[in-house]
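In mature numbering (1 follows the signal peptide of the UniProt record, and there is no 0), the protein residues as written are -23 to -1, 1 to 488. Where is the CB? At the ideal position from N, CA and C, for every residue including glycine.
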């Protein structure tokens, strides 16, 4: 089939073009961006436990409002808990500069926590500090900030967007060289709004080359999507395979960055969360229409990310990814994710004039597909395992699995239940992903909800059968005829975007 041919082509091309030269013993680290808010102490502890289980090295603690008691409470609870229970799990401050903060506002936290045993240290042995945004502050202001701490800081701010092109780059570094130790680029984690292309890491390549030329480090961002329909915004930046391409391309870079940051652990209103959304932190009316732990948990993506973390820190390519230590006895781990509405969905209040009732800016690139990612152990792939996608009770795609990281999408998303299963060469059921919310064209949430349902592969409950029940391996009676199947899957170098563009066309032409 076409998808299998693409997979073989990608694998061959990978061998020629994308072999990673990263040494496995280089010290690398992966963090998750953590929004500090009103979070109960036991939930803070659970977040740390869950992050440690994934293999994360720590949290980048986003301070939105340094003046609040809840920020101080979370810091006290998390730092002491990490020190006493997970001494290898570290934390560092990320100053939120989009919240009209001045650097002086954060000084109390730096004074109290830079010397804490749980504070993460950079390669120079000094406390690691980052930012969200740049605040528009001058070089002199930042140098004064460093001087307040005797210049003993390892500073990797979200300044990558400030660098110009060509000769501007050299002049920028001449100005900022003594202020920063590395760069982080928040915005490169997604395509620009209104664009569906998610496969390129060209922006990161430019920034990495620039930092390397100055003997600086680079922290790369990665995220599933951005969908925000609250707090005065209604926007969408493409998800679908965005995270999968990001994993694939980062691991297959000739030289990988020293740091990676997952965006985010718990930002419910932005829909890019991978941890638990606690009710005490996410209880405003608008975001609870689309982002709650009960209705839209994203935790099922964690086994895939755990595999990425292990591979990234070991200097392995995407084809060498394996189920992480916690899942080492499983032949496969993976997840299926999809938006809960179709492109043709109509909402009654769309023309009300209220911002949050309308289609999000960028809605046109939200394809009617179910994206998937599966990490297959070498022996499982060798045994002829396949992944199958079902939508509305019908089989809509099948892809052979290869060792390592496999990903793609199942097109022709239909109303109803979505399901994914993995079977071996004999047709025996290995794992199933099911139980997420159904896809609807009836606007059940009253908004054009693009926060994805995420369901993970599980090997319990297999006695219930596969996606269509029973234990048969073929399920031929439930197959579509395949004429419109543009589903694809790959473990290899980047494909072109013909498949996704086809899916978009099908999405918006369907009735």
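Residues bridged to residue 12 [DSSP beta-bridge criterion]: 39
Report task. Any chance you could list the beta strand (DSSP E) runs of at least 3 consecutive residues sitting entirely within the segment 277 to 340, in chain order? Result -> 309 to 315
**Message:** Using only the alpha-carbon positions, how far apart do residue 11 and residue 76 sit?
**Reply:** 16 Å
Rounded to whole angstroms, how far is the Cβ of residue 225 from the Cβ of residue 309, which I believe are closer than 8 Å? Residue 225 to residue 309, Cβ: 17 Å. No contact.
| Does the pairing of the segment 292 to 301 with the segment 258 to 276 give three or more beta-carbon distances under 8 Å? | no
| query | So residue 7 packs on residue 239, CB below 8 Å; how close in whole Å? | reply | 7 Å
Per-residue DSSP class, three states only, for residue 44:
coil
Review point. What are the complete alpha helix (DSSP H) segments, minimum 4 residues, inside the segment 346 to 426?
Key: 355 to 359
Check your understanding: Can you name, in chain order, every residue of its own chain whose Cβ lies under 7 Å from the Cβ of residue 316, other than the five neighbours on each side?
Key -> 343, 427, 429
Exposed or buried, residue 454, counting other C-beta atoms within 10 Å across all chains shown (16 or more means buried)?
At residue 454 the pLDDT is 43, less than 50, meaning the model places this residue with poor confidence; the figure from the coordinates comes in the next sentence. Looking at its Cβ environment, which holds fewer than 16 other Cβ atoms inside 10 Å, residue 454 is exposed.
For this session: Have a look at 420, 49, 336 and flag the residue whose alpha-carbon is nearest the alpha-carbon of residue 18.
Result: 49
Using a Cβ-Cβ cut-off of 6 Å (strictly less than) and excluding sequence neighbours within five positions of residue 181, which residues of its own chain qualify? 165, 197
### Task
Quick one: grab the DSSP three-state call for residue 172.
coil
Handout entry: Close-in-space but distant-in-sequence residues of the same chain around residue 437 (CB under 7 Å, 5 per side omitted)
Key = none
Q) Nearest to residue 333 by alpha carbon, out of 262, 20, 145? A) 262
Worksheet item: Looking at the unbroken beta strand (DSSP E) that takes in residue 196, where does it start and where does it end?
Response: 194 to 199
Just to confirm before moving on: does the CB-CB distance between residue 251 and residue 286 stay below 8 Å? no
(request) Whole angstroms is fine: what's the gap from residue 128's alpha carbon to residue 320's? (result) 53 Å
Whole angstroms is fine: what's the gap from residue 558's alpha carbon to residue 399's?
With the chain running from -23 to 488 in the structure shown, residue 558 is simply not present.
For the segment 364 to 383 against the segment 392 to 408, are there 3 or more C-beta pairs whose distance is under 8 Å?
-> yes
- Task: Could you check the C-alpha separation between residue 124 and residue 117 for me, to the nearest Å?
- Result: 10 Å
task: Would you check if the distance between the CB atom of residue 199 and the CB atom of residue 237 is smaller than 8 Å?
output: yes
*Using CA coordinates, which residue listed in 105, 326, 246 is at the minimum distance from residue 194?*
105
Q | Contiguous alpha helix (DSSP H) assignments of at least 4 residues, all confined to the segment 78 to 107 | A | 84 to 90
So, are the CB atoms of residue 137 and residue 168 less than 8 Å apart? no
Quiz prompt | Rounded separation between residue 494 and residue 156 - CA only | solution = Only positions -23 to 488 of the chain appear in this structure, which leaves residue 494 out of reach.
- Message: If you reduce the DSSP assignment to three classes, tell me which class residue 270 lands in.
- Response: coil
Taking residue 70 and residue 86 to be in contact with their CB atoms under 8 Å, please state how far apart those CB atoms are, rounded to whole angstroms. 6 Å
Practice item. My understanding is that residue 402 touches residue 360, with C-beta atoms under 8 Å, so please give their C-beta distance in whole angstroms. Key: 6 Å
Report yes if the C-beta distance between residue 269 and residue 23 is below 8 Å; otherwise report no. no
DSSP state of residue 436 mapped onto helix, strand, coil:
coil
Checklist entry - What residues in its chain sit with their C-beta under 6 Å from that of residue 41, if we drop five residues either side in the sequence? => result 73, 76
Let me confirm a value: residue 326 is counted as buried when at least 16 other C-beta atoms fall within 10 Å, else exposed. Which label applies? exposed
- Message: So, for residue 132: in the same chain, excluding its five sequence neighbours on each side, which residues have a beta-carbon less than 6 Å away from its beta-carbon?
- Response: 106, 157, 158
Q: Can you have a look at residue 96 and say buried or exposed, based on whether 16 or more other CB atoms are within 10 angstroms of its CB?
A: buried
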